[in-house]
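I have placed the structure first, in the form of structure tokens, so that the comments after it can refer back to it.
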Amino acid sequence: MHHLPAAFQEADWIWLREEKDNQYATFRCMFESDVEKGVLYISADSDYALGLNQRLCAFNQYDDHPMHKSYDTVNCTLKKGENVVTLHVWHQSSKGCYTYIPGPAGVKFAIAAEDGRALCKSEAGMPCRPQVQYKVGDIEPISGQLGDGFHYDASVPDAVWEEAVTVEARRDTALYPRPVKKLELKDPVLPEMVKFGLWQPQGGDTAAQIAQYAKLDTDAGDGYVIYDLGREECGLLHLKVRGKAGDSVIIAWGEHMDGGRVRAYVDGRHFATRYTLHDGENVFTHYFRRLGARYLMVLSEGDVLPYLVTLIPTEYPVKCVSDFDCADQELKKIYDVSVRTLHLCMHEHYEDTPWREQALYAMDSRNQALFGYCCFGERDFPAAYLDLFREGIREDHLFELCAHAKERFTIPSFTLSWVLAVRDHLLWTGQCDTARRMLPTVKEIVDGFMDRICENGLCMMPGSSKYWNFYEWTDGMDDQDIFQTKEGDQRPQRADAALNLYLILAMEAEKEICLYLGEAWQREDAIRSLRRQVKKHFYDAEKEAIRTHPDERHFTEFNQALALLANVLESDEACALRGKLCDPDSGFVPVSLSCSLMKYQALLMDSDRYGTWVIGDIKQKWGRMLQKGATSFWEVEEGADAYDFAGSLCHGWSAVPVYVLTVYGLGVQPAAPGFSEYTFTPCKEISASGVVPTPLGGIRVRDGRIEMVHQIKGFS
Numbered sequence: 034m035h036h037l038p039a040a041f042q043e044a045d046w047i048w049l050r051e052e053k054d055n056q057y058a059t060f061r062c063m064f065e066s067d068v069e070k071g072v073l074y075i076s077a078d079s080d081y082a083l084g085l086n087q088r089l090c091a092f093n094q095y096d097d098h099p100m101h102k103s104y105d106t107v108n109c110t111l112k113k114g115e116n117v118v119t120l121h122v123w124h125q126s127s128k129g130c131y132t133y134i135p136g137p138a139g140v141k142f143a144i145a146a147e148d149g150r151a152l153c154k155s156e157a158g159m160p161c162r163p164q165v166q167y168k169v170g171d172i173e174p175i176s177g178q179l180g181d182g183f184h185y186d187a188s189v190p191d192a193v194w195e196e197a198v199t200v201e202a203r204r205d206t207a208l209y210p211r212p213v214k215k216l217e218l219k220d221p222v223l224p225e226m227v228k229f230g231l232w233q234p235q236g237g238d239t240a241a242q243i244a245q246y247a248k249l250d251t252d253a254g255d256g257y258v259i260y261d262l263g264r265e266e267c268g269l270l271h272l273k274v275r276g277k278a279g280d281s282v283i284i285a286w287g288e289h290m291d292g293g294r295v296r297a298y299v300d301g302r303h304f305a306t307r308y309t310l311h312d313g314e315n316v317f318t319h320y321f322r323r324l325g326a327r328y329l330m331v332l333s334e335g336d337v338l339p340y341l342v343t344l345i346p347t348e349y350p351v352k353c354v355s356d357f358d359c360a361d362q363e364l365k366k367i368y369d370v371s372v373r374t375l376h377l378c379m380h381e382h383y384e385d386t387p388w389r390e391q392a393l394y395a396m397d398s399r400n401q402a403l404f405g406y407c408c409f410g411e412r413d414f415p416a417a418y419l420d421l422f423r424e425g426i427r428e429d430h431l432f433e434l435c436a437h438a439k440e441r442f443t444i445p446s447f448t449l450s451w452v453l454a455v456r457d458h459l460l461w462t463g464q465c466d467t468a469r470r471m472l473p474t475v476k477e478i479v480d481g482f483m484d485r486i487c488e489n490g491l492c493m494m495p496g497s498s499k500y501w502n503f504y505e506w507t508d509g510m511d512d513q514d515i516f517q518t519k520e521g522d523q524r525p526q527r528a529d530a531a532l533n534l535y536l537i538l539a540m541e542a543e544k545e546i547c548l549y550l551g552e553a554w555q556r557e558d559a560i561r562s563l564r565r566q567v568k569k570h571f572y573d574a575e576k577e578a579i580r581t582h583p584d585e586r587h588f589t590e591f592n593q594a595l596a597l598l599a600n601v602l603e604s605d606e607a608c609a610l611r612g613k614l615c616d617p618d619s620g621f622v623p624v625s626l627s628c629s630l631m632k633y634q635a636l637l638m639d640s641d642r643y644g645t646w647v648i649g650d651i652k653q654k655w656g657r658m659l660q661k662g663a664t665s666f667w668e669v670e671e672g673a674d675a676y677d678f679a680g681s682l683c684h685g686w687s688a689v690p691v692y693v694l695t696v697y698g699l700g701v702q703p704a705a706p707g708f709s710e711y712t713f714t715p716c717k718e719i720s721a722s723g724v725v726p727t728p729l730g731g732i733r734v735r736d737g738r739i740e741m742v743h744q745i746k747g748f749s
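Here it is, written out as structure tokens:
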């Protein structure tokens with residue numbers, strides 16, 4: 034059990050007298066100090082921004098579980114004499130979403146001197162008031178995954194101060210130190226005005242609908258402006274505008290300008306907010322929600338002059354230390370944009386996309402962590418996300434759909450991806466303590482899947498609407514039928530090649546973890562049996578390939594890649610299948626960007642034969658996105674028009690080239706935990722140089738040879 038600092042231990046969990054959904058509160062504390070250096074400790078449900086003497090001191094609560102919460106420790110500068118804390122806290126909706134599991138509203142904080150004395154602490158009776166300028170209660174969602182949006186009316190007078198009360202429901206909240214570094218605010222982006230004119234409303238109830246349906250470039254009406262941030266960004270909305278009290282601006286954000294405008298309303302998603310002015314100049318920053326966007330569209334409602342509407346980039350403090358370079362400048366650009374994509378999808382944890390969801394999925398994050406080891410060398414950040422999932426293991430031995438979600442269904446294969454991620458983390462970081470902490474959950478997961486093996490020798494999930502048998506967004510692999518069901522519905526039970534192949538890979542990962550940790554592993558008979566049954570039920574001798582289901586002649590590249598990685602075929606069969614994977618006329622459903630990792634890994638098992646093809650495929654697919662102006666890589670190749678015009682243009686799972694250009698282009702990858710042993714296979718196809726970050730130092734490769742192993746500045 035973690036022991037809290039004494040000053041923080043003394044503090045109370047407090048809130049307003051009346052708790053509401055989607056509520057904002059302000060707390061105020063004045064205190065005397067005889068020192069100029071202090072330490073802030075704080076935890077909040079759901080998020081906070083704390084000002085000290087009219088300057089921002091700290092913001093951003095780590096995403097955690099409702100009754101097991103993290104707290105931040107922040108050094109702060111005090112004044113000798115009187116100091117004033119102004120603390121704003123947002124409590125999210127009780128509906129929850131993919132990024133938040135509902136818990137009791139509350140905040141607990143203390144400021145201590147360096148000697149540990151409490152100078153200020155949260156306690157009952159502290160002045161507080163609802164921040165009534167924010168709309169409270171039920172608000173249209175940004176998306177089902179992100180939850181409710183926000184609207185701010187600066188013309189509303191402040192509420193009267195009241196006395197804070199102790200939150201009894203939080204007495205048993207367990208606290209632990211934030212496991213990752215605090216986010217950093219960069220300078221506001223100076224956007225370029227790319228379009229302006231007059232507009233008139235054409236219907237719509239919400240800010241996003243009004244923006245989406247608005248008629249632009251009219252002869253009369255109010256003004257509008259569209260700003261280009263220059264590239265995909267993720268950060269806090271910041272504005273400086275002037276106007277009369279009651280006038281307002283609608284601000285819509287998006288990743289593109291298809292159709293000559295920002296796509297503000299997309300099939301129930303609302304990518305827009307309304308800010309209502311007080312009289313004169315208004316300066317506003319929304320600290321409680323990051324926006325992912327390249328373009329901002331500002332629609333004035335009244336005589337409003339926008340001086341600046343932009344984002345303040347909000348970044349996880351990590352640097353790319355790989356120094357990758359390549360004679361092929363297109364590959365170099367692909368690598369750099371892949372790194373940028375990864376960084377845009379790192380905040381409190383990995384997130385799938387900064388625009389639409391900001392959610393932590395086990396499959397996506399396995400990709401992101403693996404790619405990140407290659408360029409950032411980050412160790413604590415991926416360990417923290419592994420812990421978030423471990424904490425949320427369910428009674429059916431699976432994880433939730435996302436680490437911070439309570440949805441009616443989950444994706445079984447994603448839980449198996451987490452097992453692979455634990456093995457990856459051990460190999461790339463050498464953190465044996467982390468692996469030991471994860472191992473009981475790894476075993477529980479594998480045991481749970483083994484218990485689902487049926488009379489036919491295959492693992493089959495129960496026929497229930499609780500289980501979404503998703504593998505990737507391609508034909509036959511996305512189980513779209515789940516969306517035609519409701520909670521409690523039963524579905525036909527089926528055998529999927531992908532699930533059984535994933536289980537084999539997870540068992541192999543479990544075996545490696547146990548081997549490296551000196552633990553016993555006793556599934557040799559089980560894994561041999563499963564390989565035999567997969568070959569028996571899914572291998573199509575005529576097609577010389579793996580079927581998606583035993584009784585259906587449906588074939589995907591992804592299943593073939595999994596079969597090769599899971600070693601279920603004879604060597605001659607595997608050799609033939611690799612050739613088919615490169616054949617555009619194979620009849621296989623092509624793999625998606627996210628799962629191309631598996632395809633490339635399967636082909637690079639014979640890198641002498643297929644390495645050149647893999648590099649060419651990367652240049653074709655990722656190069657096409659660059660040709661279309663991408664500054665980050667897309668969720669799927671269809672881009673923004675995918676999923677009924679809801680496709681993301683920045684998705685961490687698509688940064689696959691970072692991995693390929695490291696383990697193949699530079700030729701280095703770990704063969705034992707923490708690179709205590711590693712393999713080096715020089716690549717002849719491309720002339721690449723760079724540093725592979727390891728716990729022992731950076732392995733620098735140039736011209737097909739290792740030049741040195743050295744410490745990397747700023748890397749640990």
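Numbering-wise (the numbering used here), the sequence shown opens with residue 34 and increments by one. All C-beta atoms in this analysis are idealised placements derived from N, C-alpha and C, irrespective of residue type, glycine included. No experiment lies behind these values; they were computed from the predicted model shown.
Look at residue i and residue j and say whether their C-beta atoms are less than 8 angstroms apart.
i, j, result
"Val165", "Ala192", "yes"
"Cys359", "Ile719", "yes"
"Ser176", "Glu390", "yes"
"Glu156", "Ala44", "yes"
"Phe41", "Ala197", "no"
"Tyr167", "Val122", "no"
"His458", "Leu419", "yes"
"Thr212", "Ser103", "Before going on, a small fix: residue 212 reads as Pro here, not Thr. In this structure, Ser103 lies closer than 8 angstroms to Pro212 by Cβ."
What separation, rounded to the nearest whole angstrom, lies between the Cα atoms of residue i and residue j?
i, j, result
"Ser749", "Pro728", "Note that Ser749 scores 40 on pLDDT, short of 50, meaning its location in the model is unreliable; the coordinates nonetheless yield the value given after this. Approximately 7 angstroms between the Cα atoms of the pair."
"Trp232", "Tyr349", "38 angstroms"
"Cys492", "Ala596", "15 angstroms"
"Gln593", "Ala578", "7 angstroms"
"Glu568", "Leu453", "Checking the sequence, you will find Lys at residue 568 rather than Glu. Lys568 and Leu453: Cα-Cα distance of roughly 22 angstroms."
"Val734", "Ala542", "28 angstroms"
"Leu449", "Arg586", "25 angstroms"
"Lys113", "Arg150", "15 angstroms"
"Arg296", "Ala326", "11 angstroms"
"Ser79", "Cys683", "26 angstroms"
"Glu225", "Leu329", "10 angstroms"
"Ile243", "Gly481", "49 angstroms"
"Pro99", "Pro135", "7 angstroms"
"Thr119", "Ala91", "11 angstroms"
"Pro346", "Leu563", "48 angstroms"
"Gly139", "Gln125", "11 angstroms"
"Ser604", "Asp171", "59 angstroms"
"Gln235", "Asp252", "15 angstroms"
"Ser619", "Trp646", "16 angstroms"
"Asn315", "Met159", "29 angstroms"
"Gly313", "Gln94", "33 angstroms"
"Arg456", "Ala417", "15 angstroms"
Should residue i be labelled buried (16 or more other beta-carbon atoms within 10 Å of its own) or exposed?
i, result
"Tyr340", "exposed"
"Tyr246", "exposed"
"Arg657", "exposed"
"Cys487", "exposed"
"Met396", "buried"
Is residue i near the ligand SAH, with its Cβ less than 7 angstroms from a heavy atom?
i, result
"Ile651", "Annotation note on the ligand SAH: not contained in the displayed structure, which lists no ligands."
Ordered list of alpha helix (DSSP H) runs contained in the segment 442 to 516, each at least 4 residues | List check, alpha helix (DSSP H) in window: 445 to 462, 465 to 483.
Give, in chain order, every unbroken run of the beta strand (DSSP E) that is at least 3 residues long and sits entirely within the segment 528 to 615.
-> Segments of the beta strand (DSSP E) lying fully in the segment 528 to 615: there are none.
At least 3 beta-carbon pairs within less than 8 angstroms: the segment 45 to 56 vs the segment 193 to 211 = In short, these stretches touch, since the Cβ pair count reaches three.
Contact the segment 239 to 257 vs the segment 326 to 335: 3+ CB pairs below 8 angstroms | Output reads yes: the segment 326 to 335 touches the segment 239 to 257.
Does the segment 531 to 546 come close enough to the segment 470 to 479 that 3 or more CB-CB pairs lie under 8 angstroms?
-> The segment 470 to 479 vs the segment 531 to 546: in contact.
Report yes or no: do three or more beta-carbon pairs, one from the segment 492 to 504 and one from the segment 666 to 678, lie closer than 8 angstroms?
-> In short, these stretches do not touch, since the Cβ pair count stays below three.
Okay, do the segment 414 to 428 and the segment 701 to 715 touch, 3+ Cβ pairs below 8 angstroms being the bar?
-> Counting Cβ pairs under 8 angstroms, fewer than three are found: no touch.
Given 8 angstroms as the limit, is there contact between the segment 634 to 646 and the segment 605 to 613, that is, 3 or more CB pairs closer than that?
-> Touching, per the Cβ criterion.
At 3 residues or longer, and completely inside the segment 186 to 230: list those beta strand (DSSP E) runs for me, N to C.
-> With a minimum length of 3 residues, the continuous beta strand (DSSP E) runs that stay inside the segment 186 to 230 are 207 to 210.
Do the segment 287 to 295 and the segment 367 to 375 meet, that is, are 3 or more Cβ pairs less than 8 angstroms apart?
-> Contact between the segment 287 to 295 and the segment 367 to 375 is absent, because fewer than three Cβ pairs lie under 8 angstroms.
Tell me the start and end of each unbroken beta strand (DSSP E) in the segment 110 to 148 that is at least 3 residues and wholly inside, in chain order.
-> Inside the segment 110 to 148, DSSP marks whole beta strand (DSSP E) runs of 3 or more residues at positions 114 to 124, 139 to 146, from first to last along the chain.
Hey, which unbroken runs of the beta strand (DSSP E) at 3 residues or more fall wholly within the segment 259 to 346?
-> The segment 259 to 346 is shown to contain whole beta strand (DSSP E) runs of 3 or more residues at 281 to 287, 305 to 309, 313 to 334, in chain order.
Does the pairing of the segment 268 to 286 with the segment 308 to 318 give three or more beta-carbon distances under 8 angstroms?
-> Cβ pair count under 8 angstroms is three or more, so yes.
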